[in-house]
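Below is one structure, written out as structure tokens, with a few remarks after it.
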Amino acid sequence: MATSRPLLIPWLVEQIDSGRYPGLRWVNHEKTEFSVPWKHALRQDSSGDDVMIFKAWAEITDVEGQRLHDPSVWKRNFRSALRAKGFQMIMDNKNDEVNPHKVFRFPEGQREASAGRVGKRVRRETKRDAESRAAGNAGTVYSGQTINDTFSFSTLFLGSQKLCVYPAVILTGVNMHYESIPFSCSFPLPGPPGGQLYNFCSPAVYHFSFSLGTYFNVFVYYRGVKVLEKLVENNAGFRLYYLDVMGTQLETVILPSPDQIPIRDQMQAQLTRRILEKLGAGLEVITQGAAVYALRRGDSHVYWSLCKHDRSGVPQEVSKQGNQLHTLKEFITGLLEFMKSKGPSPSCSLFFCLGEKWPDPSQRPWEKKLITVEVSLTSLELLKTIAVDGGASSLQSADLQLSGSLNLMSSLEEMMDLF
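Just so you know, the sequence shown maps onto residues 19 to 437 in this note's numbering.
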């Protein structure tokens, strides 16, 4: 049933003009651009004043009395409303130590509204807007599974709820200490089995770090021909090797002998065997925090890239000290740019070349290398699939309010605020 609430643009103009909200103000004479305080709730200097405008919008757009008492939800809904109406963020200073804020511009054709010529009285939203908001609160359906309204990444955590096939992103609390700032949160923390959630409702400030929980789809190729495929169901990572390795805590992926394939080209078989025999304790691919690392344990050199069509010609070698290859922050940044049609699709995979330089200085393609390994990070792959199927492709739709991309994009942006 449609609910009565004001139109966003005239309501927002009234609020900015009122001067009741600290930090909410016009930034140009034409009154087409305005600044909104955007302080993260985990900052020690945060207060109730920082979320007043978000709370005000939440109160008047409450759907059937089901108001959520969560400042992060207020902020997300406010940001989603701005995006749905065509507001443009022109400045992002949320990380400013003194005055964290964002600057938005009113949509084209709404100058009279931003100048205060519209909005002398509260009007009803259309039935379409109300149904759109209700649909947004109901969540986005993906592959028969429901992902909740906030697209909480706890729903992707492989636990007792089993909402998705793979684990994805785990928000880990560290270095907790109490302050006199009211803040309520519910995040998945390590410890209890089954992905159980701890609830912290005491007045406190928490310092969080992200952990990347993922499975690994491993594909091994000998000169472009797939010889092995294995799903590694271990969040810690895995070790790739040829001969038996003792004392490893990681799941293992054993490279097949050239005799098992078999390889008809004897020169190829000989060179392949030479690389394999020098692998020693192999190659480790592990997750630590919100990043993926690789560590070479043997004598055979190993090279890597985020793209198997890399034409940079600059080899990247995996060292025995370890290399950081990919981070959750980099991926989400790339995914947001992709969803906004401002950049290419971010990589969900790592591409390794054993015993030969890669990317190749002579532009020799990845498929022509003797031994190559593709490692797909399943949780990142899942996020991108959701973005493409229910998000990025929907950005081309005229009806953005009905697009599930708004919830996903807002949640990803909130995640970036925590880094």
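The C-beta atom is built at its ideal place from N, Cα and C for all residues, glycine as well.
Proximal residues to residue 279 (C-beta, below 7 Å), its chain only, five neighbours per side dropped: 240, 245
Could you give the distance in angstroms between the alpha-carbon of residue 431 and the alpha-carbon of residue 354? 8 Å
Are there 16 or more other CB atoms within 10 angstroms of the CB of residue 402, so buried, or fewer, so exposed? Residue 402 comes out buried.
Quick one: is residue 243 buried, meaning 16 or more other Cβ sit within 10 Å of its Cβ, or exposed? exposed
Residue 116 burial status per 10 Å Cβ neighbour count (16 or more: buried): exposed
In terms of alpha-carbon separation, which member of 324, 266, 333 lies closest to residue 315? Answer by Cα proximity: 266.
Helix, strand or coil: how does DSSP classify residue 134 here? The pLDDT assigned to residue 134 is 46, lower than 50, so where the model puts this residue is not dependable, and the model offers no usable value.
Can you look up residue 283 in the DSSP assignment and give me helix, strand or coil? The answer is coil: DSSP assigns residue 283 none of H, G, I, E or B.
N-terminal and C-terminal residue of the alpha helix (DSSP H) that residue 100 is part of: 89-102
Anticipated Cβ contact below 8 Å, residue 270 with residue 259, distance rounded: So it is a contact: roughly 7 Å between Cβ atoms.
Round the Cβ separation of residue 377 and residue 318 to the nearest angstrom and send it over; I've been treating them as touching at under 8 Å. Actually they do not touch by this definition, with Cβ atoms about 18 Å apart.
Give me the DSSP bridge partner(s) of residue 348. In the DSSP output, where bridge partners are listed per residue, residue 348 has none listed.
Selection from 283, 275, 363, 309 that minimises the alpha carbon distance to residue 293: Of the candidates 283, 275, 363, 309, the one whose C-alpha sits nearest the C-alpha of residue 293 is 275.
Beta carbon of residue 440, beta carbon of residue 71: below 8 Å? The question about residue 440 has no answer here: the residues shown for the chain are numbered 19 through 437.
Taking Cβ to Cβ, would you say residue 76 is nearer than 8 Å to residue 92? A Cβ-Cβ contact shorter than 8 Å links residue 76 with residue 92.
Just the C-alpha distance for residue 42 and residue 54, rounded to the nearest angstrom, thanks. 5 Å
Going by the DSSP bridge assignment, what does residue 304 pair with across the sheet? 255, 311
Which residues in the same chain have their Cβ closer than 6 Å to the Cβ of residue 40, if we skip the five residues on either side of it in sequence? 67
Give the DSSP bridge partners of residue 393, in chain order. 236, 368
What's the C-alpha gap between residue 369 and residue 36? 56 Å
Selected residue, minimal CA-CA separation from residue 124, among 277, 113, 107, 118: 107
Measure from the alpha carbon of residue 52 to the alpha carbon of each residue in 122, 299, 328, 234, then state which is nearest. Of 122, 299, 328, 234, the residue nearest in Cα terms is 122.
Contact check, residue 302 vs residue 255 under 8 Å by CB: the rounded distance? The pair is a contact, with the Cβ atoms about 6 Å apart (cut-off 8 Å).
Residues near residue 284 by beta carbon distance below 7 Å, same chain, minus five either side: none
Which value, in whole angstroms, describes the spacing of the CA atoms of residue 247 and residue 89? 45 Å
Terminal residues of the continuous alpha helix (DSSP H) containing residue 36? Per DSSP, residue 36 is one residue of the alpha helix (DSSP H) stretching across 26-36.
How is residue 114 classed by DSSP in three states: helix, strand or coil? Residue 114 falls in the coil class under three-state DSSP.
Taking 7 Å as the cut-off, is the CB of residue 272 close to at least one heavy atom of the ligand PLP? Among the components modelled here there is no ligand, and therefore nothing to report on the ligand PLP.
Which two residues bound the contiguous alpha helix (DSSP H) that contains residue 52? Segment 51-55 is the beta strand (DSSP E) holding residue 52; no alpha helix (DSSP H) there.
Helix, strand or coil: which one does DSSP assign to residue 339? Reduced to three states, the DSSP call for residue 339 is coil.
Considering only DSSP beta bridges, list what residue 119 is partnered with. 55, 111
Return the Cβ separation of residue 381 and residue 331 in integer angstroms, given the expectation that the two are a contact with Cβ distance under 8 Å. 6 Å
Proximity to residue 291 [Cα-Cα], best of 339, 350, 389, 385: 389
Through-space distance from residue 427 to residue 363, alpha-carbon basis: 15 Å
My output table needs one value for residue 247: the three-state DSSP class, helix, strand or coil. Residue 247 falls in the strand class under three-state DSSP.
Could you tell me if residue 352 is buried or exposed, where buried requires 16 or more neighbouring beta carbons within 10 angstroms of its beta carbon? Buried, since its Cβ has 16 or more Cβ neighbours within 10 Å.
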